[in-house]
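Per my numbering, residue 16 is the first one in the sequence shown, and the count goes up by one each step.
Worksheet: one structure, shown below.
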Amino acid sequence: MQFQLSENQQMLRDTVRQFVEKEAAPSVARRDEEGIWPTELVKKMGELGLLGVAVREEYGGAGLDYLSYAIVIEELSRVDASLGVIASVNNSLVCHGIEKFGSEEQKRELLIPLASGRMLGAFSLSEPGAGSDAAAQKTTAVRDGDGYVINGIKNWVTNGDHADTIILMAMTDPTKGHRGITAFLVDTHAPGCSIVKVEHKLGIRSAHSCQMAYDSYYVPAWRRLGEEGQGFKIAMTILNAGRIGIAAQAVGIAQGAYEAALNYTRVREQFGKPIHEFQAVGFTLADMATRIKAARLLTYEAAWRKDQGLDYVKDASMAKLFASETAMWTATKAIQLHGSNGYSKEYPVERYFRDAKITEIYEGTSEIQRLVISRELTRD
Ligand code: CAA
């Protein structure tokens, strides 16, 4: 068993850490406060190869392994969880989906620009009535000549208002339930696709989440991803891998909150000494570091299993479940260790706390992760 990261993985971690500390950290609080989309930072992530980390080089990616991808998302999120999810959606929900299920034409036309950062992607499964019950799709795609006409409303489309290409799920045959769902690679610049609203959110506020409408939107048949009726399976398979990215995001948020708390308890003095010298504080730091280490190991192992070609569905869900709950717990304790300062926007821990919450919700709630894990356990 090998627990040491390779030299390349360590260098990648250092590079991403330097990038976010220098370029993202100074503006993260203002972008969060005002919900500002990080245009320049997204461009730089593309230039650094962070938007197609595990995509093969011939398709515009950096050609690294999935563990490297997890490290990238962790490091981005340690400073700015919004950057973490913007990159995660493009990498694992979009690029990975096209690389796995796309035709050669789709890879040439769409994957290359998406993985190299010249285009941005989004993933569109959720609807007003289809959250955890993802198969309850109401958006329809009706065959029309050499294409399909799409009508419907999609919710919670991360990157939606800046995306060029969206993997969108729609019903092509409502009589077949989940086997009537088909995936499409939608061009957001074509007529009939619009943003209804950008959500006003608790956290990850500079990553935009949109409600989007499709009104007699025409998509040519070459943009169908996979076969008709394969869309649900494609969405589930994409989410299996995506959940490793969200687990990594949660590890990064937890690490950021922990480091903030550690630093604060070293300088904050009460009763004549730094507060980390009080056992209650020291033990909380110990619990934080222990839980984060466990979450990181689960996340890296899930990524490693994917790299080895092993089954990783249960492992990805376990990693996401544990890491997201660790992020929420750690951020809550980080506020507590800051006392009333933790409740103030002068300190970063309230942002980590708000950002952590979404990791227990998107790409499958903690309840859905428990469902996936328990089904996999009983299947075994
Ligand atoms: N991997 C691959 N295939 C899977 C799968 C998985 N994890 N889970 C189910 N499937 C397949 C099944 O094998 C079955 O295939 P067949 O057609 O061959 O029978 C099919 O999908 C239907 O499976 P179920 O009967 O188990 O479906 P279900 O409706 O009972 O449950 C669910 C499915 C697990 C609850 C699923 O709906 C789910 O994961 N829900 C959560 C949705 C989710 O994660 N949404 C996230 C939105 S995207 C997002 O957040 C993006 C963002 O912007 C950050």
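Positions of the beta carbon are idealized from the N, C-alpha and C atoms, including for glycine.
May I ask you to report which of helix, strand or coil DSSP gives residue i?
i, result
"residue 360", "coil"
"residue 321", "helix"
"residue 142", "strand"
"residue 94", "helix"
"residue 413", "Residue 413 lies beyond the residue range present for the chain, which begins at 16 and ends at 395; the question has no answer from this structure."
"residue 70", "coil"
"residue 47", "helix"
"residue 290", "helix"
"residue 384", "helix"
"residue 18", "coil"
"residue 118", "coil"
"residue 217", "coil"
"residue 284", "strand"
"residue 370", "helix"
"residue 187", "coil"
Could you compute how far the alpha carbon of residue i sits from the alpha carbon of residue j?
i, j, result
"residue 343", "residue 194", "36 angstroms"
"residue 341", "residue 236", "44 angstroms"
"residue 377", "residue 231", "28 angstroms"
"residue 29", "residue 36", "10 angstroms"
"residue 211", "residue 22", "46 angstroms"
"residue 272", "residue 363", "8 angstroms"
"residue 357", "residue 300", "15 angstroms"
"residue 174", "residue 201", "14 angstroms"
"residue 68", "residue 92", "16 angstroms"
"residue 166", "residue 229", "5 angstroms"
"residue 268", "residue 151", "32 angstroms"
"residue 33", "residue 63", "12 angstroms"
"residue 45", "residue 84", "27 angstroms"
Per DSSP, residue i is paired with what?
i, result
"residue 158", "163"
"residue 224", "173"
"residue 26", "Paired residue(s): none; residue 26 is not in a bridge."
"residue 107", "None, per the DSSP bridge assignment."
Return the Cβ separation of residue i and residue j in integer angstroms, given the expectation that the two are a contact with Cβ distance under 8 angstroms.
i, j, result
"residue 330", "residue 317", "4 angstroms"
"residue 172", "residue 137", "5 angstroms"
"residue 168", "residue 143", "6 angstroms"
"residue 57", "residue 135", "7 angstroms"
Is residue i near ligand 2, with its Cβ less than 6 angstroms from a heavy atom?
i, result
"residue 94", "The ligand content of the structure shown is limited to ligand 1, which means ligand 2 is not among them."
Three or more C-beta pairs under 8 angstroms: does that hold for the segment 239–251 against the segment 180–197? Verdict: yes, contact present.
Tell me, please, whether the segment 109–116 touches the segment 278–288 by the rule of three or more beta-carbon pairs shorter than 8 angstroms. In this structure the segment 109–116 does not touch the segment 278–288; the number of beta carbon pairs closer than 8 angstroms is below three.
Please determine if the segment 359–375 and the segment 287–300 are in contact, where contact requires at least 3 C-beta pairs separated by less than 8 angstroms. The segment 359–375, when compared against the segment 287–300, does not touch it at the 8 angstroms Cβ threshold.
Within 8 angstroms, do at least three Cβ pairs link the segment 86–104 to the segment 121–130? With the cut-off at 8 angstroms, the segment 121–130 and the segment 86–104 do not touch.
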